[in-house]
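First comes the structure, then the notes that go with it.
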Amino acid sequence: MMKKIPILLTLTCLVYTGLKAQSHFDLQRRSELSIGLEGALPMNGWDLYAKNTKSASFGAGLSLKYVYNINDMLATTTQIGGLHFFAHNLDGTKVNSDQFFLKAGIRLKTGIIYFEPACGISSLSGNVPDKINGGFGASSITPFTYAMAIGAFVGKSFDVSLRYEAMTKEATVGYMGLRIAYKIPLGEVQ
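One rule links them: number in our numbering = place in the sequence shown (from 1) + 3.
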């Protein structure tokens, strides 16, 4: 019985400390979720056969972003989403491609404006020229992805950002992206 008293006292102290800490640290209060429409304008690395014609004209998609606000100026981000790049007609053939991404980053806020560097991985798939048999064949790679965004909060519910995003694995392809998102606040930062 005497051994149980210090153990119970220790457990009571730990539970009390945990409950007290919980009142200061509330995950839901600091979190937000947003769903966004994505637009993309291919910039570099989309050329085929060293021509001046880009294989894709533009991209569109959706993304889901989770933000954990550390304080009023700093937050961490996790984003998952996908884009479909619509192809130009190249010699009678269209070369569509898709990007699915998972990125993590930090958000540096200054009032309604924020800066958001992020990195992660993508799955980039599409049709590529088959130099041996002619025509096109399916291909998929998993490149390292990095992005730098500048954005603004529009009211309490909307978030608009412009970013440069690139995927690199042996070569680099990049695009300018626009994200218009609806924020779902899971709680308020106090």
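By construction, the Cβ of each residue, glycine as well, lies at the ideal position given by its N, Cα and C atoms.
Proximity to residue 89 [Cα-Cα], best of 99, 108 and 82: Of 99, 108 and 82, the smallest CA-CA separation from residue 89 is found for 99.
Can you check whether the CB of residue 170 is closer than 7 Å to the CB of residue 125? In this structure, residue 170 lies closer than 7 Å to residue 125 by Cβ.
Between residue 123 and residue 161, what straight-line distance do the alpha-carbon atoms span, to the nearest angstrom? Residue 123 and residue 161 have their alpha carbons spaced roughly 24 Å apart.
Within the same chain, show all residues whose beta-carbon is closer than 6 Å to that of residue 112, passing over the 5 residues directly before and after it, in chain order. Cβ neighbours of residue 112 beyond the five flanking positions: 76.
Buried or exposed for residue 59, going by 16 or more other Cβ atoms inside 10 Å? By the neighbour-count criterion, in which 16 or more other beta carbons inside 10 Å mark a residue as buried, residue 59 falls on the buried side.
Would you grab the beta carbon distance between residue 84 and residue 41 for me? Rounded to a whole angstrom, and I think it's under 8 Å. So it is a contact: roughly 6 Å between Cβ atoms.
How far does the beta strand (DSSP E) with residue 101 in it reach, from first residue to last? Note, residue 101: beta strand (DSSP E), 100-113.
Relative to the C-alpha of residue 148, which candidate in 110, 102, 63 and 182 has its C-alpha closest? If you compare the alpha carbons of 110, 102, 63 and 182 with that of residue 148, the shortest gap goes to 102.
Range of the contiguous beta strand (DSSP E) that encloses residue 40: Where residue 40 is concerned, the enclosing beta strand (DSSP E) stretches over 34-45.
May I ask you to list the residues that DSSP assigns as paired with residue 151? The partner list for residue 151 (beta bridge, DSSP) reads 120 and 167.
Note down the Cα distance separating residue 66 from residue 81, rounded to an integer number of angstroms. Each residue's alpha carbon lies about 11 Å from the other.
Just mark residue 174 as buried or exposed, buried being the case when its beta carbon has 16 or more other beta carbons within 10 Å. Exposed: under 16 other Cβ atoms inside 10 Å.
Let me check one thing: in DSSP terms, what residues is residue 125 bridge-paired to? DSSP, once it has assigned bridges, lists 104 as partnering residue 125.
From which residue to which residue does the beta strand (DSSP E) around residue 68 run? Annotation: the continuous beta strand (DSSP E) that includes residue 68 extends over 59-72.
Terminal residues of the continuous beta strand (DSSP E) containing residue 158? Per DSSP, residue 158 belongs to no beta strand (DSSP E) and is neither H nor E.
Can you say whether residue 44 is buried or exposed, counting buried as having 16 or more other CB atoms within 10 angstroms of its CB? Looking at its Cβ environment, which holds fewer than 16 other Cβ atoms inside 10 Å, residue 44 is exposed.
Residue 33 vs residue 71 beta-carbon contact at 7 Å: Yes, the pair counts as a contact, with Cβ atoms nearer than the cut-off.
Beta-carbon contacts of residue 150 that lie in its chain and below 6 Å, excluding the five residues immediately before and after: Result list for residue 150: 121, 166 and 168, in chain order.
Measuring straight from C-alpha to C-alpha, what distance separates residue 179 and residue 46? Each residue's alpha carbon lies about 7 Å from the other.
In the DSSP output, which residue or residues are listed as bridge partners for residue 189? Answer is none; residue 189 lacks a bridge partner.
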